[in-house]
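Residue numbers (our numbering): 27 to 232.
C-beta atoms are modelled at their ideal positions from N, C-alpha and C, and glycine is treated no differently.
Before any comments, here is the structure.
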């Protein structure tokens, strides 16, 4: 059964954030809010958590997981960024974008795209997500909370608790989230390619 945390959207309670991070460090899987929509999240080394995300979302091994990072310095530990790409990404973070880039050796192999050796990264512009990342001290391995049979992500924490109580360890609720996932931009090739149009304005990459 998932623990339910009602967290203030502007001033997250430190005690609640600490309890959620304890769950993450105990190989837990959580649902948490971001600046685009709710996401599933676990620690990078949590293999069972990764398998649970795959199962909940019915994902194959070609799915790009996302490393949700606290800041640009942390993001740079996990992906290779050249100067041109650096400026484009820096100007768009924090924000509702996911960037696909070549992974560094810091990224576990099972999280990379099997052929391209790439991974998704993002920096959310969301107070509660940032509080979790600050307390955890490392990126959250994440995926949009979009169920296989649904067209849009769930927007209410209580609904997530109700639907996924048996497969999650915690639900973090700070009010209604949006229904648009991040805009995904692939920077692993010579020219940026928009893979998915979502909450972030894609025009700056076209």
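Do residue 44 and residue 178 count as a contact pair if the criterion is CB distance below 9 Å?
What you label residue 178 is simply residue 152 of the chain shown in a count that begins at 1. What you label residue 44 is simply residue 18 of the chain shown in a count that begins at 1. Against a cut-off of 9 Å, the Cβ pair of residue 44 and residue 178 comes out as no contact.
**Item:** Helix, strand or coil at residue 117 [DSSP, three-state]
**Value:** One-based indexing of the chain shown puts residue 117 at position 91. Looking at residue 117 - three-state DSSP - the assignment turns out to be coil, as it is neither helix nor strand.
Using a 10 Å radius around the Cβ and a threshold of 16 neighbouring Cβ atoms, would you call residue 35 buried or exposed? Numbered from its first residue, the chain shown carries residue 35 at position 9. So residue 35 counts as exposed.
- Since residue 183 contacts residue 207 with CB under 8 Å, what's their CB separation in whole angstroms? Numbered from 1 along the chain shown, position 157 holds the residue referred to as residue 183. Numbered from 1 along the chain shown, position 181 holds the residue referred to as residue 207. With 8 Å as the limit, residue 183 and residue 207 do not qualify as a contact, their Cβ atoms being about 17 Å apart.
>> Short of 6 Å in beta carbon distance, which residues of its chain neighbour residue 155, apart from the five on each side in sequence? Order them along the chain.
In response: As a position in the chain shown, residue 155 is number 129, starting the count at 1. Taken in chain order, the residues that qualify are 60.
Practice item. Pick helix, strand or coil for residue 29, following the three-state DSSP scheme. Key: For the purposes of this step, residue 29 is taken as residue 3 along the chain shown, with counting starting at 1. Strand, per DSSP.
Practice task
Taking the CB atoms as reference points, tell me whether residue 115 and residue 107 lie closer together than 9 Å.
Solution key: As a working note, residue 115 is residue 89 in the chain shown. As a working note, residue 107 is residue 81 in the chain shown. For residue 115 and residue 107, yes; Cβs fall inside 9 Å.
Just to confirm the assignment, what range does the beta strand (DSSP E) spanning residue 213 have? Your numbering for residue 213 matches position 187 in the chain shown. First-last for residue 213: undefined, no H or E at that position.
TODO: Apply the 10 Å Cβ neighbour rule to residue 78 and answer buried if 16 or more other Cβ atoms are within range, or exposed otherwise.
DONE: Taking the first residue of the chain shown as 1, we reach residue 78 at position 52. It counts as buried.
**Prompt:** Which partner residues of residue 17 appear in the DSSP bridge assignment?
**Reply:** Since the first and last residues shown for the chain are 27 and 232, residue 17 lies out of range.
Nearest to residue 129 by alpha carbon, out of 145, 202 and 51? Reading the chain shown from its first residue, position 103 is the one you call residue 129. If we check each option's Cα against that of residue 129, 145 comes out closest.
**Study point:** Cβ shell of residue 103 (< 6 Å), same chain only, five flanking positions each side left out
**Key:** Sequence index remark: in the chain shown, residue 103 carries index 77 (1-based). Same-chain partners within the cutoff: 132.
Determine the DSSP secondary structure at residue 125, reduced to helix, strand or coil. In the chain shown, residue 125 corresponds to position 99, counting from 1. Here residue 125 sits in strand by DSSP.
Legend entry - In chain order, each alpha helix (DSSP H) run of at least 4 residues that lies wholly inside the segment 178-203: 183-190
Worksheet item: Over what stretch of residues does the beta strand (DSSP E) that includes residue 56 continue unbroken?
Response: Numbered from its first residue, the chain shown carries residue 56 at position 30. Counting along the chain, the beta strand (DSSP E) containing residue 56 begins and ends at 56-58.
Let me know if residue 31 comes out buried or exposed under the rule of 16 or more other beta-carbons within 10 Å of its beta-carbon.
By 1-based counting over the chain shown, the position of residue 31 is 5. The residue is buried, with at least 16 neighbouring Cβ atoms inside 10 Å.
In DSSP terms, what residue 94 is bridged to: Residue mapping note: residue 94 aligns to position 68 of the chain shown, counting from 1. Looking at the DSSP assignment, residue 94 forms a beta bridge with 148 and 166.
- Item | For residue 219, the three-state DSSP class (helix, strand or coil) | Taking the first residue of the chain shown as position 1, residue 219 is located at position 193. Note: residue 219 maps to strand in three-state DSSP.
* To do: Give the DSSP-derived three-state secondary structure of residue 238 in the structure shown.
  => For the chain, the structure presents residues 27 to 232; residue 238 sits outside this window and is missing.
So, using beta-carbon positions, are residue 165 and residue 96 closer together than 9 Å? The sequence position of residue 165 within the chain shown is 139, counting from 1. The sequence position of residue 96 within the chain shown is 70, counting from 1. Yes, they are a contact pair.
Checklist line | Own chain residues within Cβ distance below 7 Å of residue 138, not counting five before or after | finding: Here residue 138 is taken as the residue at index 112 of the chain shown, counted from 1. Excluding residues within five positions, the ones whose Cβ falls inside 7 Å are 129, 144 and 145.
query = In three-state DSSP terms, what is residue 228?
reply = The residue you call residue 228 lines up with position 202 of the chain shown. Reduced to three states, the DSSP call for residue 228 is helix.
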